[in-house]
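Keeping their order, the protein sequence lines are chains Z and S. Residues in the first sequence are numbered from 1 upward in steps of one, following my numbering. Residues in the second sequence are numbered from 1 upward in steps of one, following my numbering. Here a beta-carbon is modelled for each residue, glycine too, at the ideal position from N, C-alpha and C. Note that this is a predicted model, so its numbers are computed, not measured. Remarks on the structure that follows.
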Amino acid sequence: MGDWKTITVPVLSSDSKNIFQYTSERKRSPTSMNSQVLRLPLPSSKNMHSFFSAFCTEENIEQSISYIDRELTTLGFPSIYAESKGKELNLISIINCINELLALQHKNLRAQEEVEMQHLKLGSDMDHLQNCYAKLKEQLELSKREIVGLQERDRQLQSKNRNLHQLLKNEKDEVQKLQNIISSRATQYNHDMKRKEREYNKLKDRLRQLVMNKKDKKIAMEVLNYVGRADGKRGAWRTDKTEARNEEEMYKVLLSDYEQRQKQLLVENAELKKVLQQMKKEIISLLPPQKQKPKERSEDGLVLSDLEEDIGELNKENMWELSCETVREQLTNSIRKQWRMLKNHVEKLDNQVSRGHSGAWNEKDVISREDHELETEKLELEIQQCKEMIKTQQQLLQQQLTCDDETTLLLQDCYLLEERERLQEEWRLFQEQKKNFEKERRSFTEAAIRLGLERKAFEEDRGMWLKQQFLSMTADCKHSENVTTPSAFLRSSDQDNWLVKSTSQQRKPPSVLNGSVSAEPCQTSQYITHNSVESKKIAGDSMPNLWVESDDKEETGECTKSWEDSGVGTLLCRNLHMEQLP
Amino acid sequence: MNFSELFELSGLLGRFSPDGKCLASCVQHRLVVRDVSSLQVCQLYTCLDKIQYIEWSSDSLFILCAMYKRGIVQVWSLEQPDWHCKIDEGSAGLVASCWSPDGRHILNTTEFHCSLSLCQLRITVWSLCTKSVSYIKYPKACQQGVVFTKDGRYMAVAERRDCKDFISIFVCSNWQLLRHFDTETQDLFGIEWAPNGCVLAAWDSCLEYKLLLYSLDGRLLSSYRAYEWPLGIKSVAWSPSSQFLAIGSFDEKVRILNHVTWKKITEFEHPATIASKKTIVYKEVEKSPSVETERLSFPPTKALASSLFSTQSKYEISQVPVSLQYIKPVADRANPKVGVGMLAFSADNCFLATKNDSIPNAVWVWDIRRLKLLVVLEQLCPIQGFQWDPRQPRLALCTGTSRVFLWSPAGCVAVQVPGEGDFQIVSLSWHSSGDSMVLLSKDNCCVCYLEREEVK
Numbered sequence: 001m002g003d004w005k006t007i008t009v010p011v012l013s014s015d016s017k018n019i020f021q022y023t024s025e026r027k028r029s030p031t032s033m034n035s036q037v038l039r040l041p042l043p044s045s046k047n048m049h050s051f052f053s054a055f056c057t058e059e060n061i062e063q064s065i066s067y068i069d070r071e072l073t074t075l076g077f078p079s080i081y082a083e084s085k086g087k088e089l090n091l092i093s094i095i096n097c098i099n100e101l102l103a104l105q106h107k108n109l110r111a112q113e114e115v116e117m118q119h120l121k122l123g124s125d126m127d128h129l130q131n132c133y134a135k136l137k138e139q140l141e142l143s144k145r146e147i148v149g150l151q152e153r154d155r156q157l158q159s160k161n162r163n164l165h166q167l168l169k170n171e172k173d174e175v176q177k178l179q180n181i182i183s184s185r186a187t188q189y190n191h192d193m194k195r196k197e198r199e200y201n202k203l204k205d206r207l208r209q210l211v212m213n214k215k216d217k218k219i220a221m222e223v224l225n226y227v228g229r230a231d232g233k234r235g236a237w238r239t240d241k242t243e244a245r246n247e248e249e250m251y252k253v254l255l256s257d258y259e260q261r262q263k264q265l266l267v268e269n270a271e272l273k274k275v276l277q278q279m280k281k282e283i284i285s286l287l288p289p290q291k292q293k294p295k296e297r298s299e300d301g302l303v304l305s306d307l308e309e310d311i312g313e314l315n316k317e318n319m320w321e322l323s324c325e326t327v328r329e330q331l332t333n334s335i336r337k338q339w340r341m342l343k344n345h346v347e348k349l350d351n352q353v354s355r356g357h358s359g360a361w362n363e364k365d366v367i368s369r370e371d372h373e374l375e376t377e378k379l380e381l382e383i384q385q386c387k388e389m390i391k392t393q394q395q396l397l398q399q400q401l402t403c404d405d406e407t408t409l410l411l412q413d414c415y416l417l418e419e420r421e422r423l424q425e426e427w428r429l430f431q432e433q434k435k436n437f438e439k440e441r442r443s444f445t446e447a448a449i450r451l452g453l454e455r456k457a458f459e460e461d462r463g464m465w466l467k468q469q470f471l472s473m474t475a476d477c478k479h480s481e482n483v484t485t486p487s488a489f490l491r492s493s494d495q496d497n498w499l500v501k502s503t504s505q506q507r508k509p510p511s512v513l514n515g516s517v518s519a520e521p522c523q524t525s526q527y528i529t530h531n532s533v534e535s536k537k538i539a540g541d542s543m544p545n546l547w548v549e550s551d552d553k554e555e556t557g558e559c560t561k562s563w564e565d566s567g568v569g570t571l572l573c574r575n576l577h578m579e580q581l582p
Numbered sequence: 001m002n003f004s005e006l007f008e009l010s011g012l013l014g015r016f017s018p019d020g021k022c023l024a025s026c027v028q029h030r031l032v033v034r035d036v037s038s039l040q041v042c043q044l045y046t047c048l049d050k051i052q053y054i055e056w057s058s059d060s061l062f063i064l065c066a067m068y069k070r071g072i073v074q075v076w077s078l079e080q081p082d083w084h085c086k087i088d089e090g091s092a093g094l095v096a097s098c099w100s101p102d103g104r105h106i107l108n109t110t111e112f113h114c115s116l117s118l119c120q121l122r123i124t125v126w127s128l129c130t131k132s133v134s135y136i137k138y139p140k141a142c143q144q145g146v147v148f149t150k151d152g153r154y155m156a157v158a159e160r161r162d163c164k165d166f167i168s169i170f171v172c173s174n175w176q177l178l179r180h181f182d183t184e185t186q187d188l189f190g191i192e193w194a195p196n197g198c199v200l201a202a203w204d205s206c207l208e209y210k211l212l213l214y215s216l217d218g219r220l221l222s223s224y225r226a227y228e229w230p231l232g233i234k235s236v237a238w239s240p241s242s243q244f245l246a247i248g249s250f251d252e253k254v255r256i257l258n259h260v261t262w263k264k265i266t267e268f269e270h271p272a273t274i275a276s277k278k279t280i281v282y283k284e285v286e287k288s289p290s291v292e293t294e295r296l297s298f299p300p301t302k303a304l305a306s307s308l309f310s311t312q313s314k315y316e317i318s319q320v321p322v323s324l325q326y327i328k329p330v331a332d333r334a335n336p337k338v339g340v341g342m343l344a345f346s347a348d349n350c351f352l353a354t355k356n357d358s359i360p361n362a363v364w365v366w367d368i369r370r371l372k373l374l375v376v377l378e379q380l381c382p383i384q385g386f387q388w389d390p391r392q393p394r395l396a397l398c399t400g401t402s403r404v405f406l407w408s409p410a411g412c413v414a415v416q417v418p419g420e421g422d423f424q425i426v427s428l429s430w431h432s433s434g435d436s437m438v439l440l441s442k443d444n445c446c447v448c449y450l451e452r453e454e455v456k
């Protein structure tokens, strides 16, 4: 393993970019954990030898064996000795034990892995829960604060309300007071006015006395001759008689006025009565066809009699002229009854009409109704969809708009988680794709490496062949030189090959591999390729002469073709060359 | 529509005689009586002083001219130009003079009259037929203190005795006291007979909203009070049929009482914004004179000349809602310019015209049959006065300009009075036939004749 490390280090430095990528990948993907876990025991297995050497030496081999045997037996394995007391080791059982131990080891490792995984999962879960808890706690705190704030506000409002009530009461009191003031002032004003009026009258009197005393002008009427009265009569003397007559006349005037008003009222009454009568007649004329029906019912002997009575009344036209109470009562009662009947009738008709209406609808427009229902269903569905859409939009909007809100934050978190999951899914897909690409690339690189090796071998062969030809053509004098030159050439090519290999190794990051199960075979395959290349190289080394030029050409041609077929292949190839250059 | 020439006038004293034959007008000391149809002067009398008040007797035979400053009333006879009568109230201080309904008595209200020891207002009833003189004591000096029934039989007098209000009802034929009763008023402001002569409305001063209704025999029929503290009644008008009593008050409302229960039927508000779609708002619009050539020949040249120099105006129908020009009353002044100060029923009882003093440019015409606002006339200048045609539903109004405006249910029209001078009509009164009206300005008057065809 040490040499492996020495080789990888320079490549790491040269290709740190890639490594960075891988490390970042490692951080993200949980699969990287597995690979790490897998990797850990690897070096320990390499160091096993030193460990065993410390435990078991030439001297204490017996003790060691017995110790191991004891240990194994306590662990429930069969004894490693052939016999129960003999010193002969049972190789098969040892092998079995080792195998079982290894299997156990593997199982344990896997279990450990799983446990670690679970641990990690649980840890992340716990973290999440803790986060949630913290958040909820915060929220609770916030809510509590809010409640307190609201309570405070409520209290304030209540106090404000109380204040306002107090103010209102005060205002009311004030209004009452002001009203009292107004009324008191009004009475005072009236009183003062009266006083002033009296004073004024007194002063006027005094003024009059003062003025009149000086120049007392005669109040008089000068008239050329008295004219006759408009009605031509002479003025009457004022006597008690005239007074009585005046009274009489006044009452006459009043009486005539009242009479006139009564007449007006009578006329109005008569007209109203006429209208009533007419209405009644019309109602009666309207009702007869329906009258038969109610008659059949139990209660309507009365109605019929009333109707007959009414008709009788109708015949007595002069009855209307008696505006006495009984007639009025009769009239109003009969009108009321008829009105009720009419109302019932109208209601019945209404019902009929509505029923008929609906029936007609049913008969006529069955299809249209179905259509209608279908249409409504469709529309409802559409509405629901639209509503959902609106809801989601609103949610999104809210999410965007109200970031500061706690609940929305939580919601947002949920969304984020969801999104993350989605992204992870995508990432996984992407990774798979990438893995496929990597596989392809690996195969291409392998092919390229193989090709390079083959070419080299071919070159060597050609060189050898040329040399041999040359040597055969010329005299074979210096055999040693012939041997050294190809070896040097070989070594350099070897170095190149190693480089290519290492890059390919770096290109295949273990993190790419998904799951522990797939990781191992990959790695093993890697080793296998390595080995195969080496073996091939060895083969190439060992039997250069057997290779035919034409065959090789064919192979290379095929290879290039296959690369050119896919753009990725050429690109990879170019990259490969680029990397090979330094 | 034709207009007479302008006549000189003083003191807005121009009156048609009740029989509609003559028009009396005063120019300082002189009283000019013209024939209405020809407008020729038929009589001319000269009084002792500047005439302050004239009144036709009910039979149109006599004219009373009062000169309050001198305390003299002069009476002229139309039949006998030589006949004269002069009533000298001396230093008693004449404050009012009027005819009794029979046209043979003159009622003079004097201020300084001493009876016994107290000095009181007194009404002296002078008769032109006999030497008899009647006195009515303690009349109250208020806006409408002496009112006669329409048939002229009775007279109601508001009295004030010992700081209490009374009403006395007299029989006009012999001036005998018929009824005497006290009223429950703080300070009686006015009284008014219903046109049928059976109900007397009496209302308190504006300090208190109180309206009392008395029967002819002195019974209190009803009292109405819309509210308590704010300023109260500003104007009162009976409908010609005595069915309705409209009360305009300081709260910019008119309340209408019915004659059966004497309860309020409805309330007309006068808001500054008219929003109802059913109301038509006519707005007077001034337009610059544009003399069209085809019209040049049609009007008389004088009219044309006048129209050339003055702006014309016409009515336009405004789209509701309309906000009228509202003048906010000064709060700290007495007698604020707010409330319904003028109201009048049309002769057929169908319409009521009102004016809200805080919206001085608008006249509101209400339909009484439907109890709805019918029309609002928005003028450019404050309304000076309006009067209904005594024969048909037609309202004439003046705004202190040389234009007279007429409204009837058919529409309304603004008419420019032709003439050179500045003729600012501040008052108008209809002829009893409804065919003409006299338009009065401070110094002039003219008669406006309306053709009958135009009326419809």
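Asked, Found
"Phe55 of chain Z, DSSP secondary structure in three states", "helix"
"Limits of the unbroken alpha helix (DSSP H) element including Thr242 of chain Z", "Asp240 to Leu286"
"Proximal residues, the stretch 124 to 142 of chain Z versus chain S, C-beta separation under 7 Å", "none"
"Neighbour-count burial assignment, Ser256 of chain Z, 16 or more Cβ in a 10 Å radius", "exposed"
"Cα-Cα separation between Cys461 of chain S and Val322 of chain S, rounded to whole angstroms", "Outside the shown range of chain S, which is 1 to 456, sits residue 461 of chain S, and nothing can be said about it."
"Any chain Z beta carbon closer than 8 Å to Ser115 of chain S", "Annotation note: pLDDT 49 at Ser115 of chain S (below 50); position unreliable, coordinate value reported separately. Cβ-Cβ to chain Z under 8 Å: no for Ser115 of chain S."
"Candidates S:Leu121, S:Lys131, S:Ser441 and S:Thr109, of which the one nearest Trp99 of chain S by Cα", "S:Thr109"
"Pair within 8 Å by beta-carbon distance, Ala237 of chain S and Ala362 of chain S", "no"
"Distance between beta carbons of Trp193 of chain S and Lys150 of chain S, contact taken as under 8 Å", "7 Å"
"Contact list for Ala220 of chain Z against chain S, beta-carbon separation under 7 Å", "Asp88"
"C-beta neighbour in chain Z for Asp496 of chain S, strict 8 Å", "Examination of residue 496 of chain S is not possible in this model, given that chain S is present from 1 through 456 alone."
"Beta-carbon gap between Thr457 of chain S and Val254 of chain S smaller than 8 Å", "Residue 457 of chain S falls outside the range modelled here, since chain S spans only 1 to 456, and no answer is possible."
"is_contact[Met250 of chain Z, chain S] using C-beta, thresh 8 Å", "yes"
"Under 7 Å (Cβ pairs) to chain Z, residues found in the stretch 162 to 182 of chain S", "Cys163, Val171, Asn174, Gln176 and Leu178"
"Per-residue DSSP class, three states only, for Leu128 of chain S", "coil"
"Given 8 Å, three or more beta-carbon pairs between the stretch 322 to 337 of chain S and the stretch 217 to 230 of chain S", "no"
"Span of the alpha helix (DSSP H) around Leu72 of chain Z", "Ile61 to Thr74"
"Delimiting residues of the beta strand (DSSP E) encompassing Ser223 of chain S", "Leu220 to Tyr224"
"For Arg34 of chain S, the nearest candidate out of S:Cys398, S:Ser60, S:Tyr53 and S:Cys47 (CA to CA)", "S:Ser60"
"Segment contact, 8 Å Cβ cut-off, at least three pairs: the stretch 243 to 261 of chain Z with the stretch 162 to 179 of chain S", "yes"
"Coil, strand or helix - Leu40 of chain Z by DSSP", "Interpretation of Leu40 of chain Z is limited by its pLDDT of 42, a score under 50 that renders its predicted location unreliable; the figure taken from the coordinates is listed afterwards. Coil, per DSSP."
"Coil, strand or helix - Gln133 of chain Z by DSSP", "In the sequence under discussion, the amino acid at residue 133 of chain Z is Tyr, which differs from the Gln named in the question. Helix at Tyr133 of chain Z."
"One or two residues paired with Leu373 of chain S in a DSSP bridge", "S:Trp366"
"Close-in-space but distant-in-sequence residues of the same chain around Asn444 of chain S (CB under 8 Å, 5 per side omitted)", "Leu6, Phe7, Glu8, Leu9, Gly421 and Phe423"
"Residues that DSSP places opposite Phe170 of chain S in a beta bridge", "S:Met155 and S:Leu177"
"CB contact check: Val186 of chain S to chain Z, cutoff 8 Å", "Residue identity check: residue 186 of chain S is Gln in the sequence provided, not Val. Yes - at least one Cβ of chain Z is within 8 Å of the one on Gln186 of chain S."
"Interface residues of the stretch 373 to 396 of chain Z facing chain S [CB-CB below 9 Å]", "none"
"Minimum Cβ-Cβ distance from Asn196 of chain S to chain Z less than 8 Å", "yes"
"Below-8 Å beta-carbon distance, Trp407 of chain S vs any chain Z residue", "no"
"Identity of the residues DSSP links to Val146 of chain S by a beta bridge", "S:Val157"
"Contact list for Cys85 of chain S against chain C, beta-carbon separation under 8 Å", "Checking the listed chains, one finds no chain C in this structure; the protein chains it contains are Z and S."
"Residue ranges of each beta strand (DSSP E) within the stretch 61 to 125 of chain S, 3 or longer", "62 to 67, 72 to 77, 84 to 88, 94 to 99 and 105 to 115"
"Contacts of Glu197 of chain Z in chain S (Cβ-Cβ under 7 Å)", "Cys163"
"Whole-angstrom distance between Phe458 of chain Z and Leu451 of chain Z, CA atom to CA atom", "10 Å"
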